[in-house]
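In the numbering used here, the protein residues as written are 969 to 1531.
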């Protein structure tokens, strides 16, 4: 960090620092700033508002709340924009661009005058991109999300994005809903601004960011349209000014203990498998190497406590009413590392002491003595089909497939899957294992296509789950027995590229095994499927393809990690 504060920091290079400051005064004067304004410390406010990111619709109002807090505390707020990653309207997937956003934000934090920054995000990849950037640039930073939507209602049934989106679409594909009914449902799934209100990736990353200590208490769960969210904005603005007077950067806050706590919360909420990739990437920016074994070890010791879809039945606003992440941390206290620092200046243990511990009146956040589910909500798998690992969200899977052996039905790409999955001549049964390859990081940017649809003719017979395996991801809102992040990916020569229709595949969750039951000599005779790659020709996509790491390493660009 530069020793110069406020508007005199990070001067434009004209070969004359005095002239640089003089010129800044002149242009800031054109924007209405006077000498008194320019004596204040500057708080940058990262704005990811975009018409393409509907989750952030009310972010302008939240920004005004943050600005009010900054001004009340004596700072000068400066709002600046970065690319906004809205999952639903981005092709092929926002995961392809997470690292690009992280690069852009890192550069902006390092080349514009600001003494601290408020990182405003929400939709899936915005928060991890911002945290990756904050760790790398290492200026005082505090995160704030837009918060979850409220729920809708259809014919007396409470609905919310996007677990119910998938369930209702599956019912429509299986002829359980007609065209008129699915149209009615569509109008109720996303009734307000905010992120998906189930425990998808947005909610998960908000919760683990709070657990990391980089967000104010209850910041993860307050609904987007609530007054609680606006008050959090004001408090966050004030806190950002305090950070300038007592500068503490993300690298000084985060530690191995912080990531242990985040992994514990991830397991207790039955969170998105995507968080495994994001937490790994954030940690590696610091030189902390998280492994799939670390996640599996923590998950195996942590029961499922939060009743939110897809692992439960509720929604994130219910968790907020129940006390939010602070109440959850209080229940998890015996499993946490309490000396971990937080952005508030207090340790996690000190924050827990101020949280409510009387949660007997509610059932959304359970106790360690009476959990919602057993430990092991997330598991890491290895075996001959995934030598470097794969993950499975057991909490959202069908237990009957935890031990399963079935014949493979292989699809070489997302396009191949879309073209053939409903072809009845394939003769698929619920015992088949759907294998989708060439959707890994280098091949396709790692889209959320891993939760392949159930063949329509099986859905009409009432089949709602099958074992599905891929080198891609699935949305945190998805459910089912879906094995993800298989590494090495197919396009990099992983065993996934050698699977043929009819090969037997074995999944054994208890033993953490994912095996291709084919003789090694037979595999040696096979030619790998044709590797695929997205956008190798030019620009960012070429940079991405040539440098992206595999999923167990965080899928960051290799030259950006600290280890």
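Don't be surprised by glycine CBs; every beta carbon is placed ideally from N, CA and C. All values reported here derive from a predicted model rather than from experimental measurement.
Residue 1514 and residue 1525 have their C-alpha atoms some 9 Å from each other. Our two residues, residue 1288 and residue 1192, have alpha carbons roughly 12 Å apart in a direct line. Taken through DSSP and simplified to helix, strand or coil, residue 1375 comes out as strand. For residue 1035, the uninterrupted alpha helix (DSSP H) segment begins and ends at 1027 to 1040. Distance between residue 1476 and residue 1028, taken at the CA atoms: about 48 Å. Residue range 1120 to 1122 is occupied by the beta strand (DSSP E) that includes residue 1122. If only complete runs of 3 or more residues are kept, the region 1460 to 1508 shows the beta strand (DSSP E) at 1472 to 1476 and 1481 to 1484, in order along the chain. The beta carbons of residue 1343 and residue 1389 sit no closer together than 8 Å.
About 6 Å separates the Cβ atoms of residue 1323 and residue 1297, confirming a contact at the 8 Å cut-off. By the C-beta criterion, the region 1361 to 1375 is judged to be in contact with the region 1387 to 1402, since at least 3 inter-stretch pairs fall below 8 Å.
Counting only unbroken stretches of 3 or more residues, the beta strand (DSSP E) elements lying wholly within the region 1056 to 1138 are 1084 to 1089, 1109 to 1113, 1120 to 1122 and 1125 to 1127, in sequence order. A contact between stretches requires three or more CB pairs, one per stretch, nearer than 8 Å, and the region 1119 to 1132 meets this requirement with the region 1151 to 1163. Per DSSP, residue 1432 is not a residue of any alpha helix (DSSP H), being assigned neither H nor E.
In the DSSP assignment, residue 1395 falls outside any beta strand (DSSP E) and carries neither an H nor an E.
Setting aside the 5 residues that flank it on each side, residue 1260 is surrounded in the same chain by 1348, 1357 and 1520, each with a C-beta closer than 6 Å to its C-beta; the list follows chain order.
Taking each of 1414, 1480 and 1181 in turn and checking the Cα distance to residue 1318, the smallest one comes out for 1181. Between the region 1043 to 1055 and the region 1004 to 1011, the count of C-beta pairs closer than 8 Å reaches three or more; the two stretches touch. In chain order, 1407 and 1417 place their CB closer than 6 Å to the CB of residue 1382, counting only its own chain and leaving out the 5 sequence neighbours on each side. Under the 8 Å Cβ criterion, the region 1444 to 1463 counts as touching the region 1361 to 1373, having at least three qualifying pairs. For the pair residue 1087 and residue 1053, the CB atoms are not nearer than the 8 Å cut-off. In this model, residue 1266 and residue 1235 are separated by some 8 Å (Cα to Cα).
Around the beta carbon of residue 1512, 16 or more other beta carbons sit within 10 angstroms, so the residue counts as buried. Closest in alpha carbon position to residue 1095, among 1106, 1183, 1147 and 1020, is 1183. Residue 1457 has its alpha-carbon roughly 18 Å from the corresponding atom of residue 1509. Per DSSP, residue 1229 lies in no beta strand (DSSP E); the unbroken alpha helix (DSSP H) holding it starts and ends at 1224 to 1236. Cβ atoms of residue 1163 and residue 1116 come within 8 Å of each other, at about 5 Å.
Residue 1353 is not a Cβ neighbour of residue 1496, given a cutoff of 8 Å. Linking residue 1485 to residue 1241 through their CA atoms gives a straight-line distance of about 26 Å. Annotated three-state conformation of residue 1410 is helix, per DSSP. With respect to residue 1221, residue 1293 sits apart: the two C-beta atoms are not nearer than 8 Å. Cβ-Cβ separation between residue 1204 and residue 1034: approximately 6 Å, consistent with a contact (criterion under 8 Å). Look at residue 1370 here: in three-state DSSP terms it is coil, with no helix or strand label.
Membership of residue 1201 in the alpha helix (DSSP H) is indicated by the continuous run 1195 to 1213. In this structure, residue 1128 lies away from residue 1444, with their beta-carbon atoms at least 8 Å apart. Put simply, of 1455, 1453 and 1490 the residue whose alpha carbon is nearest the alpha carbon of residue 1471 is 1490.
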